[in-house]
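*Asks:* Under this note's numbering, think of the first position of the sequence shown as 262, with each following residue one higher. All residues carry an ideal CB built from backbone N, CA and C; glycine is no exception. Treat the numbers as computed from the prediction; the structure is a model and nothing was measured. Dumping the structure here so I can ask a few things about it.
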Amino acid sequence: MQLWIHVNKVHGDLRNVRMRRIFLLLFLSILVMLTFVWGGQEGLNVTWIMATAIIECIT
262 MQLWIHVNKV
272 HGDLRNVRMR
282 RIFLLLFLSI
292 LVMLTFVWGG
302 QEGLNVTWIM
312 ATAIIECIT
(Lines of atoms letter the chains of each structure in order from A and count residues from 1; the text may use other names and numbers.)
(Lines give C-alpha, C1' and ligand atoms only; values in the text may rest on other atoms or scores of the structure.)
Protein backbone atom coordinates (compact mmCIF):
# COMPACT_ATOMS: atom_id res chain seq x y z
CA MET A 1 0.00 0.00 0.00
CA GLN A 2 2.83 2.38 0.88
CA LEU A 3 4.45 1.54 -2.46
CA TRP A 4 1.36 2.61 -4.41
CA ILE A 5 1.20 5.92 -2.51
CA HIS A 6 4.86 6.50 -3.41
CA VAL A 7 4.23 5.61 -7.07
CA ASN A 8 1.25 7.98 -7.19
CA LYS A 9 3.37 10.81 -5.78
CA VAL A 10 6.11 10.18 -8.35
CA HIS A 11 3.74 10.08 -11.33
CA GLY A 12 1.59 12.90 -9.98
CA ASP A 13 -1.42 11.71 -11.98
CA LEU A 14 -3.47 9.33 -9.85
CA ARG A 15 -5.95 8.60 -12.64
CA ASN A 16 -3.19 7.52 -15.03
CA VAL A 17 -1.83 5.02 -12.51
CA ARG A 18 -5.32 3.71 -11.80
CA MET A 19 -6.05 3.25 -15.52
CA ARG A 20 -2.76 1.42 -15.93
CA ARG A 21 -3.63 -0.93 -13.06
CA ILE A 22 -7.10 -1.57 -14.52
CA PHE A 23 -5.58 -2.29 -17.94
CA LEU A 24 -3.05 -4.65 -16.37
CA LEU A 25 -5.77 -6.57 -14.50
CA LEU A 26 -7.88 -6.79 -17.65
CA PHE A 27 -4.92 -8.02 -19.69
CA LEU A 28 -3.97 -10.63 -17.10
CA SER A 29 -7.55 -11.93 -16.95
CA ILE A 30 -7.52 -12.30 -20.76
CA LEU A 31 -4.24 -14.22 -20.50
CA VAL A 32 -5.78 -16.52 -17.89
CA MET A 33 -8.73 -17.21 -20.19
CA LEU A 34 -6.32 -17.96 -23.04
CA THR A 35 -4.55 -20.41 -20.74
CA PHE A 36 -7.80 -22.33 -20.29
CA VAL A 37 -8.42 -22.24 -24.04
CA TRP A 38 -4.96 -23.62 -24.86
CA GLY A 39 -5.20 -25.98 -21.92
CA GLY A 40 -2.56 -27.85 -20.02
CA GLN A 41 0.90 -26.91 -18.81
CA GLU A 42 2.06 -25.50 -22.15
CA GLY A 43 -0.63 -22.83 -22.18
CA LEU A 44 0.21 -21.92 -18.60
CA ASN A 45 3.90 -21.50 -19.45
CA VAL A 46 3.11 -19.25 -22.43
CA THR A 47 0.76 -17.16 -20.30
CA TRP A 48 3.33 -16.80 -17.53
CA ILE A 49 6.02 -15.68 -20.00
CA MET A 50 3.69 -13.13 -21.62
CA ALA A 51 2.46 -11.81 -18.25
CA THR A 52 5.99 -11.31 -16.92
CA ALA A 53 7.00 -9.56 -20.15
CA ILE A 54 4.04 -7.16 -19.89
CA ILE A 55 4.77 -6.43 -16.21
CA GLU A 56 8.44 -5.76 -17.06
CA CYS A 57 7.36 -3.27 -19.75
CA ILE A 58 4.94 -1.42 -17.44
CA THR A 59 7.10 -1.20 -14.32
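Have a look at Cys318 and Met294 and give me their C-alpha separation to the nearest angstrom.
*Replies:* The residue labelled residue 318 in the question sits at position 57 within the sequence shown. The residue labelled residue 294 in the question sits at position 33 within the sequence shown. Distance between the alpha carbons of Cys318 and Met294: 21 Å.
*Asks:* Would you check if the distance between the CB atom of Leu292 and the CB atom of Thr308 is smaller than 8 Å?
*Replies:* Against the sequence shown, residue 292 aligns to sequence position 31. Against the sequence shown, residue 308 aligns to sequence position 47. Closer than 8 Å, so yes.
*Asks:* Considering only residues of the same chain and omitting the five flanking positions on each side of Leu289, which have a CB-CB separation below 7 Å?
*Replies:* The count along the sequence shown starts at 1 and reaches residue 289 at position 28. Within the same chain, and ignoring the five residues on either side of Leu289 in sequence, the residues whose Cβ sits closer than 7 Å to its Cβ are Ala312.
*Asks:* Do you know how far the Cα of Gln302 is from the Cα of Leu285?
*Replies:* Residue numbering aside, residue 285 sits at position 24 when the sequence shown is read from its first letter. Residue numbering aside, residue 302 sits at position 41 when the sequence shown is read from its first letter. Going by the C-alpha atoms only, they are around 23 Å apart.
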